[in-house]
Amino acid sequence: MPQGDAGAPLSIASSSALPEPLSARPEMLSTRAWWTARVDDYFCLTERGTTPMQEFRAGLTGFLATSNNFALNATILSAMGLNANAVVVSSAFVSGVSSIASGLSSNLPLGIMTSVGPNMLMASLCSSGTHSTQQTLAISAACGLLLSMLSMTPALRWALKLVPLYIKYGLVIGTGLLTTLKG
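Under the working numbering, the first residue of the sequence shown carries the number 3, and numbering increases by one thereafter.
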């Protein structure tokens, strides 16, 4: 067993026997290791039993799994007269910015992607002739702003508690069926 200065055995609890963490000494780290340590410290990855690389792979997997929504949304919204390439780029940009903002503000790995269901509704409104493309996009923007404002207050949590679970499941299943039948 290692001996201390006075000949007594060193204990693990002794702070003088433990080296200083690398993240506290950036001059000892390469640039990549320094950034990795900063990300680990900020998001408490080690405490959660994960690594920056594992989180990166999980985020990339989630992005690739849901990126088919970009192409599907482009197909749906091009029927409304929107440019398909612009829809793909804007969907990817908004999803990236939203995911980064959500992760930084919540300190959790949340991926926020554009959804197909609301776009199916928008395309249906336009194809029925009841609303123009501009009106439909204004409705969509107003709903997004309303949900954003509600999510910053306890009102959204309260409102969601009012909706029974079977209705929530029904909405998700109905959206999937609508996408399957119309898409």
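No residue lacks a Cβ here, since even glycine has one placed at the ideal position from N, Cα and C.
By a C-beta neighbour count over all protein chains shown, 10 Å radius and 16 as the cutoff for buried, is residue i buried or exposed?
i	result
V91	exposed
A60	exposed
A161	exposed
M154	exposed
C128	buried
T182	exposed
M122	buried
A144	exposed
Span of the alpha helix (DSSP H) holding residue i?
i	result
N87	86-108
A144	135-153
M122	119-130
A157	157-164
Examine the ligand COA and report whether any of its heavy atoms sits within less than 7 angstroms of the Cβ of residue i.
i	result
N85	In the structure on display, the ligand COA does not appear, and there are no ligands present to speak of.
Between the C-alpha atoms of residue i and residue j, what's the straight-line distance to the nearest angstrom?
i	j	result
S107	Y44	11 angstroms
G83	L47	45 angstroms
T116	P156	24 angstroms
S100	T132	31 angstroms
T63	N75	20 angstroms
S104	L66	18 angstroms
A94	A88	10 angstroms
G176	D42	40 angstroms
T138	G178	21 angstroms
Q136	V96	19 angstroms
A186	I114	No statement about residue 186 is possible, as the shown extent of the chain runs from 3 to 185 and does not include it.
M55	E49	15 angstroms
T38	S130	52 angstroms
A15	Y171	Caution is warranted here: a pLDDT of 47 is assigned to A15, below 50, making its placement in the model unreliable, and the coordinate value is therefore given only provisionally. Going by the C-alpha atoms only, they are around 51 angstroms apart.
Give a yes or no on whether the C-beta atoms belonging to residue i and residue j are separated by under 8 angstroms.
i	j	result
P120	S150	no
V118	N85	no
A125	I78	yes
L158	L152	yes
*asked:* Threshold first: 4 residues or longer. Then list the alpha helix (DSSP H) segments lying entirely within the stretch 24-75, N to C.
replied: 33-45, 54-68
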